[in-house]
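Those letters in the sequence shown? Residues 0 to 292, per numbering that gives the first Met the number 0, in order.
Quick reminder that beta carbons are idealized off the backbone N, C-alpha and C, glycines included.
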Amino acid sequence: MQVAQLWEEYLNHIKNIKRYSDNTIKAYTEDIDLFLLYCKNYSKLELNGISEKFVKSFLMTLTESGLEKKSISRKLSSLRGIFKYAFNHDYINTNPTALISNPKTKRKLPEITTTETIMEVYKKTDELADGKELINAIFEILYGCALRVSELCSLKVIDLDLNQKIVRVKGKGSKTRIVPVGDKSIKIINDYLKTRTTLAPDAPLLVNKTGEAIYPRYVHRVVNKYLSKVTDIKKKSPHVLRHSAATHMLDNGADLRAVKEILGHENLSTTQIYTHVSIERLKRAYKKAHPKS
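Have a look at this one:
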């Protein structure tokens, strides 16, 4: 079997069986296409011709090209997926990626903002003659429910249950999770819902002026615009609100596993990055305010 044939079969597997998100499939496609190009350059088109040494040479080429270690790790992860699939289906006798480690990277702590900053956003939207309810709802759901942008944009009216104070969120891999909605969030969401003329169960929860579902690029623009008005943090993306929500929950004593469930993380190790953020915040507070610092 040739590597390209394996990729075609594996792509069908992650699309239709594993049901990976469109963004994940796009990333896998970019990674594997780059590897296929490398294979062609070295005439390594047959699957059995791919060795651990060959995969390492591919990774070394990426390093020499100046690609960041984080990006190289992602490409290695994509290769691990496809070769694990090949090994499990007896297409190869040895998995060439099994013993290859990720390049060592210094993990960057996610940038966050404060609750006070978000309250400042609401003061800014009060200046608007029209449309403040939608903007407030976007900020409140992203922060209050710690959602990803894609999750926010895909919400339907039926997903929100204000009586139970929950929202059903379809996350990565089409996995559904239940996220609590706080009383303050409910008030802001209700203010937005009052501006809607119709609320059919299957309709998008958040729509623009033309009645169409909001989309990720629109959310990025809105969040960037209003965070720029109230804070000087470097990153002003919607994900900052998710990072902030997770950090603030841990700062206030939330259980790490509960935060993991709210965020929809597959592994606890992914959520643990926010404990480091909280520790760094404690250190800064101590250094700034403690007389013995």
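Counting Cβ pairs closer than 8 angstroms, one from the region 255 to 272 and one from the region 92 to 100, do we hit at least three?
As far as the Cβ criterion goes, the region 255 to 272 does not touch the region 92 to 100, which means the pair count is below three.
Rounded to whole angstroms, what is the Cα-Cα separation between Val120 and Thr112?
Approximately 12 angstroms, taken between the alpha carbons.
Distance, Lys164 Cα to Gly181 Cα:
Distance between the alpha carbons of Gly181 and Lys164 is about 7 angstroms.
DSSP on Ile16, reduced to helix/strand/coil?
Residue state, collapsed to three classes: helix.
Nearest neighbour of Arg256, chosen from Val2, Thr274 and Ser243 [CA to CA]:
The residue with the shortest Cα to Cα distance from Arg256 is Thr274.
Look at Glu260 and Arg176 and say whether their C-beta atoms are less than 8 angstroms apart.
Against a cut-off of 8 angstroms, the Cβ pair of Arg176 and Glu260 comes out as a contact.
Quick check: the region 70 to 77 against the region 117 to 131, are at least 3 beta-carbon pairs closer than 8 angstroms?
Result no; under three Cβ-Cβ pairs closer than 8 angstroms.
Compare the Cα-Cα distances from Val156 to each of Lys174, Gly143 and Tyr191 and report the closest residue.
By alpha-carbon distance to Val156, the top candidate from Lys174, Gly143 and Tyr191 is Tyr191.
Beta-ladder partner(s) of Asp21, from DSSP
Answer by DSSP bridge pairing: none, since Asp21 is not bridged.
Which runs of the beta strand (DSSP E) spanning at least 3 residues fall entirely within the region 133 to 195, listed in chain order?
The region 133 to 195 contains these whole beta strand (DSSP E) runs: 165 to 169 and 175 to 179.
Considering only the beta carbon of each residue, do Ser236 and Val222 sit closer than 8 angstroms?
Taking 8 angstroms as the Cβ cut-off, Ser236 and Val222 qualify as a contacting pair.
Decide if Tyr214 is buried, meaning its Cβ has at least 16 other Cβ atoms within 10 Å, or exposed.
Flag for Tyr214 reads exposed.
According to the neighbour-count rule (16 or more other Cβ atoms, all chains shown, within 10 Å of its Cβ), is Thr246 buried or exposed?
Per the 10 Å Cβ criterion, buried.
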